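Student: In the working numbering, the protein residues as written are 32 to 233.
The structure's right below; bear with me while I get my questions together.
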Amino acid sequence: MAATKTSYAIISLGGKQYRVREGERLLVDRLTTDEGKTFNPVVLFLGGDGDGTLSPRTQVTAKVVGHVLGDKIRIGKRRPKSGYRKQTGFRAHLSQIEIQSIGGTTKQAAAAAPAAEQEAPATKAKSEPTAAAAPAPTAAPPAPAQPPRGYEDFTVAEIAEKSKRWKVEQLEAALKFEKKNANRKGAIAALESALAAKQEKN
Numbered sequence: 032m033a034a035t036k037t038s039y040a041i042i043s044l045g046g047k048q049y050r051v052r053e054g055e056r057l058l059v060d061r062l063t064t065d066e067g068k069t070f071n072p073v074v075l076f077l078g079g080d081g082d083g084t085l086s087p088r089t090q091v092t093a094k095v096v097g098h099v100l101g102d103k104i105r106i107g108k109r110r111p112k113s114g115y116r117k118q119t120g121f122r123a124h125l126s127q128i129e130i131q132s133i134g135g136t137t138k139q140a141a142a143a144a145p146a147a148e149q150e151a152p153a154t155k156a157k158s159e160p161t162a163a164a165a166p167a168p169t170a171a172p173p174a175p176a177q178p179p180r181g182y183e184d185f186t187v188a189e190i191a192e193k194s195k196r197w198k199v200e201q202l203e204a205a206l207k208f209e210k211k212n213a214n215r216k217g218a219i220a221a222l223e224s225a226l227a228a229k230q231e232k233n
């Protein structure tokens, strides 16, 4: 399904789901992305014009407008007949984002299109006789390992549970990402434990 002006998307951020449209602004839990930078959240559903697609290849681009604090919440405690009274306050750390566009393909689909275009001229060149032998193509360097898809939205508990099934390369990439961005002690401990268990087996 192609994205149109009337399209909407359901995205996942911080373990929560949001229904968004182009140009819409919303407050979400604090993100690790810097102010003014754009990012691509995980798209769960694309709908509009009476049609919908689950797990689409469409890409949503969002921009972090700023990091803000939520409204103050007063928490009061009182014990009857003892005179005990205590008040505390809490303000949630939030990020305001703006949905810039709903459309375009994901990075994997976009990378597949240029690859197909490169293969077509190569096949044509092989069919034409050449006087000199063509030089052997050099092997492309392997792509660097990436954390599992949607890792940014995983909680510490989800990381501790799912990391046992990840490959060594994914664990190393996730650990590197965690230390560079979120730096959650529980997540780092879970990833290091899973990585050590994998290396012992090997």
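Yeah, the Cβ is synthetic: ideal placement off N, Cα and C, and Gly gets one too.
The structure presented is a predicted model; accordingly, all values stated were derived computationally and were not measured.
(1) Counting pairs of Cβ atoms below 8 Å between the region 221–228 and the region 200–207, do you hit three or more?
(2) According to DSSP, A93 sits in a beta bridge with which residue or residues?
(3) Whose C-alpha, out of K195, Q201 and R116, is nearest the C-alpha of A176?
(4) In angstroms, rounded to a whole number, what distance separates the CA positions of K47 and R180?
(5) Within its chain, find whatever has a CB closer than 6 Å to the CB of K108; leave out the 5 residues flanking it on each side and keep chain order.
(6) For the candidate residues T84, E183, K103 and I42, whose alpha-carbon lies nearest to that of R215?
(7) Closer than 6 Å by C-beta to H124: which residues in its own chain qualify, once you throw out the five before and the five after it? Chain order, please.
(8) Out of curiosity, what's the CA-to-CA distance linking G78 and Y115?
(9) For L206, report the span of its alpha helix (DSSP H) as first-last.
(10) Compare the C-alpha of G97 against each of G54, Y49 and G67 and name the closest.
(11) Give the single residue among K94, A93, R110 and T119 whose Cα lies nearest to the Cα of V104.
(12) Indicate the three-state DSSP secondary structure (helix, strand or coil) for D184 in the structure shown.
(13) When the Cα atoms are used, what is the spatial distance from L44 to K210?
(14) Going straight from the alpha carbon of S86 to that of R110, what length do you get?
(15) So the beta strand (DSSP E) K108 belongs to, where does it begin and stop?
(16) Who are T119's beta bridge partners in DSSP?
(17) Please list the terminal residues of the continuous alpha helix (DSSP H) segment that includes K232.
(18) Got a sec? Which residues, its chain only, sit under 6 Å from L58 by beta carbon, not counting five neighbours each side?
Tutor: Let's see:
(1) yes
(2) Here residue 93 corresponds to residue number 62 of the sequence shown, with the count starting at 1. BP columns for A93 point to F70 and I130.
(3) As a first step, residue 176 must be located in the sequence shown, where it is residue number 145. The candidate whose alpha carbon is nearest that of A176 is Q201.
(4) Within the sequence shown, numbered from 1, the residue matching residue 47 stands at position 16. Within the sequence shown, numbered from 1, the residue matching residue 180 stands at position 149. In a straight line, the C-alpha of K47 is about 16 Å away from that of R180.
(5) The residue given as residue 108 occupies position 77 in the sequence shown. Within the same chain, K108 has close Cβ partners K117.
(6) Within the sequence shown, the letter at position 184 stands for residue 215. Ranking the options by Cα distance to R215, first place goes to E183.
(7) Against the sequence shown, residue 124 aligns to sequence position 93. Cβ within range, chain order: R61.
(8) Numbered from its first residue, the sequence shown carries residue 78 at position 47. Numbered from its first residue, the sequence shown carries residue 115 at position 84. Going from the Cα of G78 to the Cα of Y115 covers about 54 Å.
(9) Looking up residue 206 in the sequence shown gives position 175. Note, L206: alpha helix (DSSP H), V199 to K211.
(10) On the sequence shown, position 66 is the one that residue 97 refers to. Closest option to G97, Cα to Cα, is G67.
(11) On the sequence shown, position 73 is the one that residue 104 refers to. In the sequence on display, residue 104 carries Ile and not Val. It is T119.
(12) Indexing the sequence shown from 1 puts residue 184 at position 153. Correct three-state label for D184: helix.
(13) For the purposes of this step, residue 44 is taken as residue 13 along the sequence shown, with counting starting at 1. For the purposes of this step, residue 210 is taken as residue 179 along the sequence shown, with counting starting at 1. C-alpha separation (whole angstroms): 20 Å.
(14) Position 55 of the sequence shown holds residue 86. Position 79 of the sequence shown holds residue 110. Rounded to whole angstroms, S86 to R110 spans 51 Å at the Cα level.
(15) Stepping through the sequence shown from its first residue, residue 108 is reached at position 77. It spans I104 to R110 - the beta strand (DSSP E) in which K108 sits, taken as one unbroken run.
(16) Reading the sequence shown from its first residue, position 88 is the one you call residue 119. Its beta-bridge partners are I106.
(17) Here residue 232 refers to the residue found at position 201 of the sequence shown. Counting along the chain, the alpha helix (DSSP H) containing K232 begins and ends at K216 to K232.
(18) Taking the first residue of the sequence shown as position 1, residue 58 is located at position 27. Taken in chain order, the residues that qualify are L125 and Q127.
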